[in-house]
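> Below you'll find the structure I mean.
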Amino acid sequence: MVYFQKMTPEGYKQIEDEIARLKKDRPRRIKILQAARALGDLSENTEYTEAKRDLGHLQSRLRYLGKQLKYAEIVETKDDGKVDLGKTVVLKFDDDETEEYKIVGRMEADLADGKISFDSPLGQAIMKQEAGTVATVEAPAGEYKVTIVEVK
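Residue numbers for the sequence shown follow this note's numbering, so the first one is 343 and each next one is one higher.
Following this line, the structure appears as structure tokens:
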């Protein structure tokens with residue numbers, strides 16, 4: 343059975359953009375490798391070893407990102423007032439601090455950018471809930487409650 347990764351259209355676009363950027367950089371890295379190979383003895387040629395390693399990393403990243411797109415399930419948001427993938431939520435925590443997060447797929451999650459995964463402990467607790475709901479989050483560090491202030 344093939345498992346598809348849920349993803350927002352924006353996340354899919356970001357991966358496409360990264361693939362395009364890496365493909366554009368590949369010819370430059372190939373030239374660096376060719377120049378390093380022309381230096382001679384490959385057994386003691388650190389420039390060649392590094393260039394080969396860098397090109398390998400680039401190729402590996404391209405394969406990985408290609409699989410992410412191949413197995414992506416793009417989820418469109420519905421305007422039903424419930425927390426779901428692609429929506430932005432304003433949450434109020436126990437200490438009366440409010441935070442705004444966008445609910446995204448696992449591969450897009452970036453807490454520093456205000457994006458949390460739908461299958462994280464916080465994401466699981468608030469999914470399919472409406473504004474005004476108090477949800478209990480069961481995190482590894484312990485349980486806590488959040489109030490959904492707004493769903494955008």
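Beta carbons are placed, not taken as given, at the ideal position from N, Cα and C, and that holds for glycine.
With C-beta atoms as the reference, is Leu400 less than 8 Å away from Arg379?
As a position in the sequence shown, residue 400 is number 58, starting the count at 1. As a position in the sequence shown, residue 379 is number 37, starting the count at 1. Taking 8 Å as the Cβ cut-off, Leu400 and Arg379 do not qualify as a contacting pair.
> Using a 10 Å radius around the Cβ and a threshold of 16 neighbouring Cβ atoms, would you call Leu433 buried or exposed?
Counting from 1 along the sequence shown, the entry for residue 433 is found at position 91. So Leu433 ends up on the buried side.
> Only counting the same chain, and skipping five residues up and downstream in sequence, which positions put a Cβ closer than 6 Å to that of Lys470?
Taking the sequence shown and counting its residues from 1, the one referred to as residue 470 is at position 128. So the list reads Lys424, once near-sequence residues are dropped.
> To which residues does DSSP link Val446 through a beta bridge?
Here residue 446 is taken as the residue at index 104 of the sequence shown, counted from 1. Its beta-bridge partners are Ser459.
> From the DSSP output, in three-state form, read off Asp452 for me.
In the sequence shown, residue 452 corresponds to position 110, counting from 1. Residue state, collapsed to three classes: strand.
> To the nearest angstrom, how far is the alpha carbon of Met349 from that of Gln376?
To locate residue 349, count along the sequence shown from 1; it is residue 7. To locate residue 376, count along the sequence shown from 1; it is residue 34. Going from the Cα of Met349 to the Cα of Gln376 covers about 38 Å.
> Would you mind stating whether Val491 and Thr430 have Cβ atoms separated by less than 8 Å?
Reading the sequence shown from its first residue, position 149 is the one you call residue 491. Reading the sequence shown from its first residue, position 88 is the one you call residue 430. No.
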